[in-house]
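The sequence shown begins at 133 in the working numbering and counts up one residue at a time.
Note sheet for the following structure.
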Amino acid sequence: MADALLGPAEIRELAARLGVAPTKKLGQNFVHDPNTVRRIVAAAALTSDDVVLEVGPGLGSLTLGLLGTAAHVHAVELDPVLAAALPATVAERADVAGLTVHHADALRIRAAELLPAPTMLVANLPYNVAVPVVLHLLAELPTLRGGLVMVQKEVADRLVAGPGSKVYGVPSVKLAWYAEARAAGKVPPAVFWPVPNVDSGLVAFAARTPPAGVDRRTVFQVVDAAFAQRRKTLRAALAGWAGGPAEAEKVLVTAGVSPQARGESLSVQQFAAIAAAATGPGYGGKLSASGRRHEEVDS
Numbered sequence: 133m134a135d136a137l138l139g140p141a142e143i144r145e146l147a148a149r150l151g152v153a154p155t156k157k158l159g160q161n162f163v164h165d166p167n168t169v170r171r172i173v174a175a176a177a178l179t180s181d182d183v184v185l186e187v188g189p190g191l192g193s194l195t196l197g198l199l200g201t202a203a204h205v206h207a208v209e210l211d212p213v214l215a216a217a218l219p220a221t222v223a224e225r226a227d228v229a230g231l232t233v234h235h236a237d238a239l240r241i242r243a244a245e246l247l248p249a250p251t252m253l254v255a256n257l258p259y260n261v262a263v264p265v266v267l268h269l270l271a272e273l274p275t276l277r278g279g280l281v282m283v284q285k286e287v288a289d290r291l292v293a294g295p296g297s298k299v300y301g302v303p304s305v306k307l308a309w310y311a312e313a314r315a316a317g318k319v320p321p322a323v324f325w326p327v328p329n330v331d332s333g334l335v336a337f338a339a340r341t342p343p344a345g346v347d348r349r350t351v352f353q354v355v356d357a358a359f360a361q362r363r364k365t366l367r368a369a370l371a372g373w374a375g376g377p378a379e380a381e382k383v384l385v386t387a388g389v390s391p392q393a394r395g396e397s398l399s400v401q402q403f404a405a406i407a408a409a410a411t412g413p414g415y416g417g418k419l420s421a422s423g424r425r426h427e428e429v430d431s
């Protein structure tokens, strides 16, 4: 793998040859440091049987590292020039037989397009879509056993935050629905081209069974409502979703949650309990019209 990886000179030469200039619109910051690639691959703890899904492979830095470890790599790239060039870049340095390149939007890709089925998500994610991409893929790909993603440090902090943290919020709870997440290190700006003005962070996660007996969409509705007005008590914050403050209080009491609590203090299991209480026979399974219409479950 050492000889195959791309360094700063190779990255710039390849970009010049392809006529590629990184764009903020696509959130493109290419890793040009082989040691960082090795660090990411090692932290991902892949096995030789793993099928990796990489989002935003760019010029192929991380792709080459992954191909040296995993059984297969699905590389999903939105930029048509980069998607078309990746197989040739890999072929010059590694066995291209283990690579499938998908010119596609990761926010729209479906499980049926990814065969063999991915078992791990390992990616340097574009900062502007990192959270929606992770949540979409976890919802779409139940075969994922875990992953390691590099995101903006601020986003990484939110993803791994627990109840009571100042940065605990919607991304924290929704990721916790699918997986147990932990911080796996910080990445300095200097390893990227162009150099971003923020640090990056690695987030490792291991899939786990979601809370049973309740629908994910309903739980995510509760989460969205609770954090839309995070300074308010849950009795007030969930009023619109439940059909009024009194109805919200009834649901919360049934769920064993204090109506005076705030969303930032609740675990994903408690949010699931609220959703179960609102849809169970004790409550009558009735939600307000606003609750039924709310579909923004993956943001």
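C-beta atoms are modelled at their ideal positions from N, C-alpha and C, and glycine is treated no differently.
Note that the structure is a prediction, hence the values are computed from the model and not measured.
Within 9 Å, strictly: CB atoms of residue i and residue j
i: residue 185; j: residue 227; result: no
i: residue 197; j: residue 152; result: no
i: residue 408; j: residue 280; result: no
i: residue 253; j: residue 187; result: yes
i: residue 289; j: residue 302; result: no
i: residue 366; j: residue 343; result: no
i: residue 273; j: residue 231; result: no
i: residue 167; j: residue 328; result: no
i: residue 269; j: residue 276; result: yes
Secondary structure of residue i, DSSP reduced to three states
i: residue 401; result: helix
i: residue 167; result: helix
i: residue 382; result: helix
i: residue 428; result: Confidence in residue 428 is poor, its pLDDT being 39 and thus under 50, which makes the residue's placement unreliable; the coordinate value appears in the next sentence. In the structure shown, residue 428 sits in coil (DSSP, three-state: anything other than H, G, I, E or B).
i: residue 193; result: helix
i: residue 330; result: coil
i: residue 298; result: coil
i: residue 201; result: coil
i: residue 437; result: The chain is shown only over 133 to 431; residue 437 falls outside these bounds and no answer can be derived.
i: residue 393; result: coil
i: residue 367; result: helix
i: residue 256; result: strand
i: residue 177; result: coil
i: residue 362; result: coil
Backbone CA spacing between residue i and residue j [nearest angstrom]
i: residue 136; j: residue 292; result: 33 Å
i: residue 221; j: residue 172; result: 20 Å
i: residue 179; j: residue 202; result: 6 Å
i: residue 389; j: residue 313; result: 24 Å
i: residue 374; j: residue 382; result: 9 Å
i: residue 190; j: residue 397; result: 39 Å
i: residue 193; j: residue 394; result: 43 Å
i: residue 150; j: residue 325; result: 15 Å
i: residue 387; j: residue 147; result: 55 Å
i: residue 211; j: residue 242; result: 18 Å
i: residue 239; j: residue 380; result: 33 Å
i: residue 229; j: residue 214; result: 18 Å
i: residue 347; j: residue 177; result: 32 Å
i: residue 333; j: residue 218; result: 25 Å
i: residue 384; j: residue 295; result: 17 Å
i: residue 430; j: residue 377; result: Model confidence at residue 430 stands at a pLDDT of 42, short of 50, so the residue's coordinates are unreliable and nothing is read from them.
i: residue 400; j: residue 349; result: 13 Å
i: residue 404; j: residue 265; result: 22 Å
i: residue 445; j: residue 283; result: Because the chain in this structure spans residues 133 to 431, residue 445 falls outside the shown range and cannot be described.
i: residue 411; j: residue 223; result: 54 Å
i: residue 144; j: residue 286; result: 28 Å
Inter-residue CB distance, residue i and residue j (contact presumed, cutoff 8 Å)
i: residue 323; j: residue 204; result: Not confirmed; about 26 Å, so no contact.
i: residue 336; j: residue 316; result: 4 Å
i: residue 271; j: residue 311; result: Their Cβ separation, rounded to whole angstroms, is 12 Å, which puts residue 271 and residue 311 out of contact at 8 Å.
i: residue 207; j: residue 233; result: 5 Å
i: residue 250; j: residue 330; result: 28 Å between Cβ atoms; not a contact.
i: residue 372; j: residue 358; result: Not a contact, Cβ separation roughly 11 Å.
Cβ of residue i within 9 Å of any chain D Cβ
i: residue 298; result: The question asks about chain D, but that chain is absent: this structure has only one protein chain.
Stretch pair the stretch 244-260 + the stretch 297-315: three plus CB contacts closer than 8 Å: no
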